[in-house]
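Report on one structure; see the data block that follows.
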Amino acid sequence: MWVNGKLATGSIPLFRPFAVGVNDAARQGDQALVEKYYRMALDVDDLFFPAKQNLAVLLSQRGSNDEAERLLRKILDEYAEQRVGYDIKAAIGNRRP
1 MWVNGKLATG
11 SIPLFRPFAV
21 GVNDAARQGD
31 QALVEKYYRM
41 ALDVDDLFFP
51 AKQNLAVLLS
61 QRGSNDEAER
71 LLRKILDEYA
81 EQRVGYDIKA
91 AIGNRRP
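Under this note's numbering, the residues of the sequence shown are numbered 1 to 97, in order.
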């Protein structure tokens, strides 16, 4: 999928190992490792929507709300053309950074 002129690689098989690793770490309750996998995925492709959104949720759950909100706002900006984000807008409200 192309987003803002860049290829978003979320569906490319390269990300399957990340998904497996994230699922295994989550089942084991290792939130630090889950966070590491999400950040690794975003290092490879900063437009990888599932990793960015799930990292924001994880950060919010542990109280890192400022970083979570920054990630969610990036999603809204990056995916504006795809009309995603209605639940994200509701989650962060109308606050501006």
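Ideal placement from N, C-alpha and C gives every residue a C-beta, glycine not left out.
Which same chain residues end up closer than 8 Å to residue i when comparing Cβ atoms and leaving out the 5 residues on each side of it in sequence?
i    : result
P97  : Unreliable positioning characterises P97 in this predicted model, as indicated by a pLDDT of 48, which lies under 50. A coordinate reading is not provided.
V182 : Examination of residue 182 is not possible in this model, given that the chain is present from 1 through 97 alone.
A26  : V34
Could you compute how far the alpha carbon of residue i sits from the alpha carbon of residue j?
i   : j   : result
V44 : P50 : 13 Å
N54 : V20 : 14 Å
D24 : M40 : 15 Å
G29 : V22 : 10 Å
Y37 : Q61 : 17 Å
Specify, as a first and last residue, the run of the alpha helix (DSSP H) that residue i falls within.
i   : result
Q31 : Q31 to V44
F49 : F49 to Q61
A68 : N65 to E78
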